[in-house]
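Novice: A single structure is presented below for examination.
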Amino acid sequence: MAMLTGPRPTWITFDCYGTLVQWDEGLRAAVAEILAGKGTAIDAERLIATYDRHEHALEQTPPHRAFKAIVGEALDRALRDLGVAVGPGDAATLVDAIARMPPFPEVVGTLATLKRHGFDLCIVSNTDDDIIAGNVAQLGGHIDRVVTAGQAGAYKPARRIFEVAHAAIGVRRDAVLHVCASPHLDLVATRALGIRDVWIDRGTGRRPADGYRPAAVLPSLDGLPDLLAAAGWL
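So for the sequence shown, the working numbering puts the first residue at -18; every next one is plus one.
What follows is the structure, given as structure tokens:
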């Protein structure tokens, strides 16, 4: 466990999907539901890989669009790429599944511990307000602020979404610790902006780009209080 250094952060910001909420698990279930009955041999993992590629490309392609629209277009493109028929309710099935994705088992208890020790907690997420509301409702009431791509008009790893978040919570970036599971979005941004970061490596196989080493790495969120205590922040 690496040691965090510097002054105690007043706010801890979090990525949502994959960090607090079970993104991969929920995505696999939703895609399996979409594929059921289509009479195709294409499996969920292949569709997810194709969908991810399109989603990330669309997020970085101007003009900015709502996440719900991007989900629908990315899924449509992925199904067509793989020669699978597109159904009229497929996009709604995926969007609804995202909004219902639950937290990882350790998340609510860990957030409660952080709140008891005086940290303010903010989510910074590549989504829309109406979608993430269903996820935040499952986090025990411990989140103080949510900043979305919809509010910022930009998707991570763009610096704008972090700048909007820091302005919203009224802090400089050196007063923030960012906790995330996404190496290709969040860690790219924290590296560029010089934000202290903790990577939650849940064993997905995704790795930081160019050998980047975040300030600390944990296998799950419940190790965060001990990490903060070791830094003298708890």
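For each residue, glycine too, the CB sits at the ideal point set by N, CA and C. None of the values given here were measured: they were computed from a predicted structure.
Considering only residues of the same chain and omitting the five flanking positions on each side of Y(-2), which have a CB-CB separation below 6 Å?
Specialist: Excluding five sequence positions before and after Y(-2), the CB atoms of its chain that fall closer than 6 Å to its own CB belong to W4, given in chain order.
Novice: Can you list, in chain order, the residues of its chain whose CB lies under 8 Å from that of D109, leaving out five sequence neighbours each side?
Specialist: Once the five neighbours on either side are set aside, the close Cβ partners of D109 are A47, F48, K49, T129, A130, G131.
Novice: So, is A66 buried or exposed, given that buried needs 16 or more other C-beta atoms within 10 angstroms?
Specialist: exposed
Novice: Could you compute how far the alpha carbon of T21 sits from the alpha carbon of G186?
Specialist: When rounded, the separation of the alpha-carbon atoms in T21 and G186 is 27 Å.
Novice: Would the beta-carbon of N107 fall within 8 Å of that of M82?
Specialist: no
Novice: Reducing DSSP to helix, strand and coil, say where P44 ends up.
Specialist: For P44, the three-state secondary structure derived from DSSP is coil.
Novice: Going along the chain, which residues of its own chain have a beta-carbon closer than 8 Å to the beta-carbon of I112, five neighbours each way excluded?
Specialist: F48, K49, V76, I79, A80
Novice: Within a Cβ cutoff of 7 Å, which residues of the same chain sit near I(-7), ignoring the five residues on either side of it in sequence?
Specialist: L95, F100, L102, L158, V160
Novice: Does the Cβ-Cβ distance between L173 and R140 come in under 8 Å?
Specialist: A small fix is needed here, since residue 173 is Ala in this sequence, not Leu. Yes, the Cβ-Cβ distance between A173 and R140 is below 8 Å.
Novice: Name the DSSP beta bridge partners of V2, please?
Specialist: Y(-2), P84
Novice: Mind pulling the beta strand (DSSP E) runs of 3 or more residues that sit fully within the region 104 to 174?
Specialist: 126 to 129, 157 to 161
Novice: Starting from the N-terminal side, write out each stretch of the beta strand (DSSP E) that is 3 residues or longer and does not extend beyond the region 21 to 80.
Specialist: none
Novice: Classify R188: buried if its beta carbon has 16 or more other beta carbons within 10 angstroms, exposed otherwise.
Specialist: exposed
Novice: Are T(-9) and V152 closer than 8 Å when you measure CB to CB?
Specialist: Yes; because the gap between Cβ atoms is below 8 Å, this pair is in contact.
Novice: Beta-carbon within less than 8 Å of P206's beta-carbon, same chain only, minus the 5 sequence neighbours each way: which residues are those?
Specialist: T91, T94, L95, H98, L215
Novice: If R183 and P200 are in contact, beta carbons under 8 Å, what's the gap, nearest whole angstrom?
Specialist: 7 Å
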